[in-house]
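Enquirer: This is the structure I have questions about; it appears just below.
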Amino acid sequence: MTISTGLGFLELMETPKGNYDFTAFEGRWQAYWKEHGTFRALPPTCGKPKYYVLDMFPYPSGAGLHIGHPEGYTGSDILARQRKASGYNVLHPMGWDSFGLPAEQHAIATGEHPAVQTRRNIDNFRRQLQMLGFAIDWDREIATTDENYFRWTQWIFLKLFRHGLAYVSEKPVWFCPALGTVLANEEVLNTPEGPRSDRGNHPVERRPIRQWVLRITAYADKLIEGLDALDWPDSTKRLQKNWIGKSEGAEVTFAISGHKSESLTVFTTRPDTLFGATYMVIAPEHPLVAKLTSAEQQEAVQEYIALVRNKSDLERTDLADKKKTGVFTGAYAINPVNDTKLPIWIADYVLMSYGTGAIMAVPAHDERDHEFATQFKLPIIQVVGSKESVDVQKAAWTGDGPMVNSGRFNGKTANETKTLITAELAAKNQGKAAVNFKLRDWLFSRQRYWGEPFPILWISKEDLARIPADSAVREFLPKEAVTCVIDGRDVCAVPLTSQQLPLTLPEVKSYQPSPTGDSPLSREPQWLNVWFDLATGATVAASEKQPGPLWVKASRETNTMPQWAGSCWYYLRFLDPKNSKEIASKELQAYWGCPDFYIGGAEHAVLHLLYARFWHRFLYDLGVLPTPEPFKKLFHQGLILGEDGEKMSKSRGNVVNPDDIVKAYGTDALRLYLMFLGPLEASKPWNTNGIEGVSRFLRRTWRLAIDETTGKPAAKSSGTTEPEELTRELHKTIQKVSADIETLGFNTCISQMMIFLNAAEKAPTISRSTLEDFIRLVAPFAPHLAEEIWSRLGRDGSISDAGWPKADAAKLIETTVEVIFQVNGKVRSTQKLPKDTTKEQLLALAKADPAVAKFLEGKTVLKEIIVPGKLVNLVVPA
RNA sequence: GCUCAGGUGGUGGAAUGGCAGACACGCUAGAUUCAGGUUCUAGUGCCGAUGAGGCGUAAGGGUUCAAGUCCCUUCCUGAGCACCA
């Protein structure tokens with residue numbers, strides 16, 4: 047299909063073809079929209095209410111658009127077009143999440159600069175999206191790889207750095223040898239084969255590597271609280287909530303028998319069960335392991351720890367093997383509520399990474415502890431009672447009940463006891479109320495080339511102390527220095543200033559990451575080593591002469607940011623994509639705010655959607671943004687599966703290419719078919735046969751409006767009269783389509799339009815106004831067809847500005863209704879009756895109906911249910 | 001294992017507790033056409049005979065005048081989490 051820019055618009059209008067020939071006009075209307083800026087968002091001064099519809103922007107892969115892209119984009123496009131027709135100033139932008147691994151891997155393979163390939167892919171994506179006729183404001187196109195974009199990504203990072211939310215850690219992190227980089231917790235999947243990368247499904251392992259980490263845990267509470275007000279799918283909210291994993295309970299400190307100077311602190315959500323604690327468990331990595339282990343247990347403990355360390359990932363996550371393992375340390379803790387001696391065990395079912403890495407075990411009321419206690423024959427003491435009889439020796443009782451075997455707390459509820467015990471412990475300084483989260487800090491650096499470089503340099507501690515009080519470097523300098531050890535030297539992080547942003551990527555000789563886990567940037571000494579001006583933050587190459595006394599030796603951070611960085615805030619940039627002074631002007635922020643509707647896949651539920659909320663909330667707290675949450679309303683489109691019902695993939699050979707469908711059936715048919723396939727949120731298989739149905743609908747709509755022999759408006763639909771029922775059907779259709787667009791029920795919108803079309807074809811005449819209303823309803827779904835018909839009906843301008851029809855309540859009223867007559871709930875007859883037939887009349891009519899009377903013969907009517915306008919149900923003995 | 005979402009014709013799917021299967025695809029028959037495609041008409045859940053009627057929304061039970069829809073139990077599918085104390 048061609049975009050016919052060479053032919054003049056009017057020239058084609060003079061020689062119209064009569065039949066529905068999408069190849070003749072789809073490209074032409076796309077060119078028209080581009081030329082007239084039809085879908086350009088207007089400035090706030092336009093006086094219209096705003097509507098901001100956003101799609102999750104794509105990663106421009108070399109493979110081009112996948113059929114799943116047009117699915118979600120068509121959904122948002124229908125919404126955007128309907129809002130525009132309804133008089134809104136619509137912002138429907140598009141951009142590119144263009145940093146990322148595939149471009150870098152391509153660069154490694156071919157030596158071509160990732161930017162070159164990225165540009166080519168973007169051009170291809172843009173071409174494909176334009177071919178699909180989306181109502182996008184292309185003037186606002188952005189790419190996360192643009193310098194003018196990522197300078198603000200770097201700016202936000204520096205803000206986080208300034209406020210102590212970015213730090214460096216050397217703790218073990220997930221490293222993926224195949225990808226040559228570390229991954230965030232959110233990017234690692236637990237599979238039966240062990241932990242894998244969510245990209246590419248490669249094995250990952252724990253390695254201690256120096257990393258930048260963002261303190262997302264500081265926002266754990268805010269990120270949970272913020273969810274309540276959001277109009278998001280419940281499942282996604284739940285996912286985030288579970289991922290953050292807040293639990294409330296208490297920290298309890300146990301003295302250790304024979305170790306005066308040591309104590310063991312545990313986190314528990316059940317301080318009420320403290321009397322039921324019969325042993326303690328610490329994680330194999332717990333720092334007290336060595337100190338607590340008695341001489342007799344030394345060998346056994348060392349053996350166990352070695353065993354755990356050598357356990358493969360496969361064994362550790364083995365689903366079938368749930369057997370608990372562990373070893374006794376030989377030490378005892380003292381229960382602070384009753385001074386009982388509790389043996390301290392080591393077991394790998396306790397994780398060092400959660401809570402304090404130690405637990406008090408209450409086997410009577412915790413399933414895991416019960417399993418362990420049974421295995422190692424440890425005592426089980428019930429402290430929570432129950433109404434029904436339970437045997438805690440057989441299974442843990444996790445329900446509620448009055449306390450038993452708990453001394454002074456007996457008979458009290460578990461909840462009361464929680465509070466009382468916590469208070470008692472606090473008074474003795476042996477405990478306090480505490481909250482724990484599953485959420486870990488966000489691992490934010492990657493050992494890659496194709497990402498945003500960190501605007502950070504490393505200098506010595508002594509040089510850091512020399513930064514003048516009025517130095518520009520203090521713009522982003524945190525109160526507490528971020529330090530680490532690089533190549534055996536203690537160094538401190540200093541930020542660039544906003545004047546020096548963006549910090550761009552240097553050209554490199556090789557894109558290959560080093561096997562030691564260093565980024566390709568670490569091999570570019572010219573870029574890496576510089577003189578840094580403590581007064582201004584300026585840099586010059588280290589090969590130059592030292593420019594002045596305040597210029598110190600510095601080396602750049604060589605990691606880059608993860609792909610999530612750029613996608614964390616792109617929705618803000620669309621408001622003001624060319625602004626060089628700030629992310630977006632206050633005025634535009636006040637007008638546009640955040641997206642009114644956000645559509646994208648559910649696979650980002652705890653990645654992009656959590657990260658973006660964190661950054662947004664942080665910027666809100668700083669006063670940079672006016673709202674606390676970025677996405678008020680979120681919708682996930684479902685997957686389009688292959689014709690075989692399996693996920694589309696090259697290896698399965700079941701991939702459907704949007705280009706092919708457009709060529710064969712046209713853009714409108716593809717759009718309509720994707721929407722007609724089923725509910726937008728459902729995963730559903732593609733079926734190329736099914737496209738015939740919607741293609742037929744388009745051709746029939748065309749023939750309803752246009753005479754195929756002349757190409758002029760059809761005589762049948764050019765008058766002013768039509769049957770009353772058709773008018774009613776039109777208004778029903780307006781009502782149904784308008785309502786279902788609100789819930790994105792596009793499949794039922796299309797069904798209703800088909801119903802109308804069926805009725806219109808049967809009607810002897812259709813008024814021009816009814817036809818025009820119908821075409822306006824069709825327009826958001828099949829915009830090219832609608833524009834073409836609209837112009838052939840002699841209307842000027844784009845139909846997208848032609849208004850949205852309103853359902854007339856008066857025209858919807860039906861004078862007669864079909865009433866069903868039931869006997870014992872079974873339909874025996876129906877009658878067309880005036881809408882206002884009274885209950886008494888309905889009852890009499892029902893009883894008189896021969897089909898009903900047959901079933902009443904010789905029986906007494908026990909009950910009469912009469913719903914006026916709907917049904918009569920007569921109940922007789924069976 | 002836990003949590004959630006589902007299970008409706010040959011297929012995709014419709015159904016504020018009120019005629020289950022709308023709307024399509026496919027199929028069958030007929031018309032149009034030299035033919036293919038297109039287009040049009042009729043039919044299409046199952047049993048029964050083409051009738052009366054009966055049965056039917058994973059299975060079983062319950063609530064109700066009335067259940068695909070609400071409640072309970074079980075089975076199956078999909079998604080997420082996975083020793084989170």
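Residue numbers for the first sequence follow the numbering used here, beginning at 47 and rising by one. We treat Cβ as the ideally placed atom computed from N, Cα and C, and that holds for glycine.
#1: If you drop the 5 nearest sequence neighbours on each side, which residues of the same chain put their C-beta closer than 8 Å to that of L225?
#2: Going by beta carbon distance, what residues of the same chain come within less than 8 Å of T529, once the five residues before and after it are set aside?
#3: Just to confirm the assignment: which complete beta strand (DSSP E) runs, minimum length 3, are found wholly within the segment 97-123?
#4: Just the Cα atoms here: how many angstroms apart are S556 and L229?
#5: Do H209 and R316 count as a contact pair if the criterion is CB distance below 8 Å?
#6: Can you have a look at P541 and say buried or exposed, based on whether 16 or more other CB atoms are within 10 angstroms of its CB?
#7: Within this structure, are the beta carbons of P704 and L111 separated by less than 8 Å?
#8: Between which residues of its own chain and P552 is the CB-CB distance below 6 Å, once the five residues before and five after are set aside?
#9: Counting beta carbon pairs with one atom in the segment 294-314 and one in the segment 485-496, are three or more of them shorter than 8 Å?
#10: Buried or exposed, going by whether 16 or more other CB atoms sit within 10 Å of the CB of G583?
#11: Does Q428 pass the burial test, meaning 16 or more other C-beta atoms within 10 Å, or should it be called exposed?
#12: Between the C-alpha atoms of G179 and Q76, what's the straight-line distance to the nearest angstrom?
#13: Quick check: the Cα distance between E768 and E807, rounded to an integer number of angstroms?
#14: Spell out a yes or no on whether the segment 611-626 and the segment 578-592 are touching, meaning 3 or more CB-CB pairs, one atom from each, closer than 8 Å.
#15: Is Y78 helix, strand or coil by DSSP?
#16: Quick one: what's W391 bridged to in DSSP?
#17: Tell me, which residues are paired with C530 by DSSP?
#18: Is there contact between the segment 253-262 and the segment 666-683, where contact requires at least three CB pairs shorter than 8 Å?
#19: Could you check whether the segment 464-481 touches the segment 379-393, counting it as contact only if at least three pairs of C-beta atoms, one from each stretch, sit closer than 8 Å?
#20: In whole angstroms, what is the alpha-carbon distance linking T794 and G691?
#21: Please classify R717 as buried or exposed, where buried requires at least 16 neighbouring CB atoms within 10 angstroms.
#22: Using three-state DSSP, classify C795 as helix, strand or coil.
#23: Please report how far the alpha carbon of S875 lies from the alpha carbon of A897, in whole angstroms.
#24: What residue range is occupied by the uninterrupted alpha helix (DSSP H) comprising V783?
#25: According to the neighbour-count rule (16 or more other Cβ atoms, all chains shown, within 10 Å of its Cβ), is L503 buried or exposed?
#26: From which residue to which residue does the beta strand (DSSP E) around V259 run?
#27: In the DSSP assignment, find the unbroken beta strand (DSSP E) run with N575 in it and report its ends.
#28: Please report how far the alpha carbon of D819 lies from the alpha carbon of K130, in whole angstroms.
#29: Tell me where the alpha helix (DSSP H) around K878 begins and ends.
#30: What is the rounded straight-line gap between the Cα of P524 and the Cα of G108?
#31: Would you mind working out which of R252, R261, L260, G291 sits nearest E271, comparing C-alpha positions?
#32: When DSSP builds the beta bridges, which residues end up paired with H305?
#33: Leaving out five residues on either side along the sequence, give the residues of the same chain with a beta carbon under 6 Å from the beta carbon of G563.
#34: Which of the three DSSP states is assigned to L310 in this structure?
#35: Under three-state DSSP, which class holds I707?
#36: Would you mind working out which of I182, T69, A149 sits nearest F103, comparing C-alpha positions?
Expert: Well, looking at it:
#1: Here residue 225 corresponds to residue number 179 of the first sequence, with the count starting at 1. Excluding sequence positions up to five before and after L225, its CB lies within less than 8 Å of the CB of L147, S243, R245, G246, H248, all in the same chain and listed in chain order.
#2: The residue you call residue 529 lines up with position 483 of the first sequence. These residues qualify, in order along the chain: V214, K507, D536, V537, C538, A539.
#3: With a minimum length of 3 residues, there is no unbroken run of beta strand (DSSP E) contained wholly in the segment 97-123.
#4: Along the first sequence, read from residue 1 onward, the residue named residue 556 stands at position 510. Along the first sequence, read from residue 1 onward, the residue named residue 229 stands at position 183. Cα atoms of S556 and L229: separation of roughly 22 Å, rounded to the nearest angstrom.
#5: Counted from its first residue, the first sequence places residue 316 at position 270. Counted from its first residue, the first sequence places residue 209 at position 163. No, the Cβ-Cβ distance between R316 and H209 is not below 8 Å.
#6: Residue 541 sits at position 495 when you count from the first residue of the first sequence. With 16 or more Cβ atoms within 10 Å of its Cβ, P541 is classed as buried.
#7: Numbered from its first residue, the first sequence carries residue 704 at position 658. Numbered from its first residue, the first sequence carries residue 111 at position 65. One thing to note: P704 has its Cβ within 8 Å of the Cβ of L111.
#8: Translated into positions along the first sequence, residue 552 becomes position 506. So the qualifying residues of the chain are E570, W573.
#9: The count of Cβ pairs closer than 8 Å, one atom from the segment 485-496 and one from the segment 294-314, stays below three, leaving the stretches out of contact.
#10: Numbered from its first residue, the first sequence carries residue 583 at position 537. Classified as buried, G583 has 16 or more neighbouring CB atoms from the shown chains inside 10 Å of its CB.
#11: Counted from its first residue, the first sequence places residue 428 at position 382. When all chains shown are included, Q428 counts as buried.
#12: Numbered from 1 along the first sequence, position 133 holds the residue referred to as residue 179. Numbered from 1 along the first sequence, position 30 holds the residue referred to as residue 76. Rounded to whole angstroms, the separation of the alpha carbons of Q76 and G179 is 6 Å.
#13: Working through the first sequence from its first residue, we reach residue 768 at position 722. Working through the first sequence from its first residue, we reach residue 807 at position 761. Cα to Cα, E768 sits roughly 12 Å from E807.
#14: No, because fewer than three Cβ pairs between the segment 611-626 and the segment 578-592 fall closer than 8 Å, the two stretches do not touch.
#15: For the purposes of this step, residue 78 is taken as residue 32 along the first sequence, with counting starting at 1. When DSSP states are grouped into helix, strand and coil, Y78 belongs to the helix group.
#16: Locating residue 391 in the first sequence gives position 345, counting from the first residue. Looking at the DSSP output, W391 bridges to V327, F374.
#17: On the first sequence, position 484 is the one that residue 530 refers to. According to DSSP, C530 bridges with V537.
#18: No, they do not touch.
#19: Counting Cβ pairs under 8 Å, three or more are found: they touch.
#20: By 1-based counting over the first sequence, the position of residue 794 is 748. By 1-based counting over the first sequence, the position of residue 691 is 645. If I take the Cα positions, the gap works out to 22 Å.
#21: Locating residue 717 in the first sequence gives position 671, counting from the first residue. Per the 10 Å Cβ criterion, buried.
#22: Within the first sequence, numbered from 1, the residue matching residue 795 stands at position 749. Three-state DSSP puts C795 in a helix.
#23: Position 829 of the first sequence, counted from the first residue, corresponds to residue 875. Position 851 of the first sequence, counted from the first residue, corresponds to residue 897. Each residue's alpha carbon lies about 6 Å from the other.
#24: As a working mapping, residue 783 is identified with position 737 in the first sequence. For V783, the uninterrupted alpha helix (DSSP H) run begins and ends at 770-788, by DSSP.
#25: Translated into the one-based positions of the first sequence, residue 503 becomes position 457. Its Cβ being crowded by 16 or more others within 10 Å, L503 is buried.
#26: In the first sequence, the residue the question calls residue 259 occupies position 213. For V259, the uninterrupted beta strand (DSSP E) run begins and ends at 257-260, by DSSP.
#27: One-based indexing of the first sequence puts residue 575 at position 529. Counting along the chain, N575 sits inside the beta strand (DSSP E) bounded by residues 575-579.
#28: Residue numbering aside, residue 819 sits at position 773 when the first sequence is read from its first letter. Residue numbering aside, residue 130 sits at position 84 when the first sequence is read from its first letter. The C-alpha of K130 is placed about 16 Å away from the C-alpha of D819.
#29: Numbered from 1 along the first sequence, position 832 holds the residue referred to as residue 878. Here K878 belongs to no alpha helix (DSSP H); instead the beta strand (DSSP E) covers 872-880.
#30: Taking the first residue of the first sequence as 1, we reach residue 524 at position 478. Taking the first residue of the first sequence as 1, we reach residue 108 at position 62. Each residue's Cα considered, the two are about 41 Å apart.
#31: Here residue 271 is taken as the residue at index 225 of the first sequence, counted from 1. Out of R252, R261, L260, G291, G291 has the C-alpha closest to the C-alpha of E271.
#32: The count along the first sequence starts at 1 and reaches residue 305 at position 259. In the DSSP secondary-structure assignment, H305 is bridged to I302.
#33: Locating residue 563 in the first sequence gives position 517, where the first residue counts as 1. Contacts found: I255, Q493.
#34: Taking the first residue of the first sequence as position 1, residue 310 is located at position 264. L310: strand per DSSP, three-state reduction.
#35: For the purposes of this step, residue 707 is taken as the residue at position 661 of the first sequence. Helix.
#36: As a first step, residue 103 must be located in the first sequence, where it is residue number 57. Ranking the options by Cα distance to F103, first place goes to I182.
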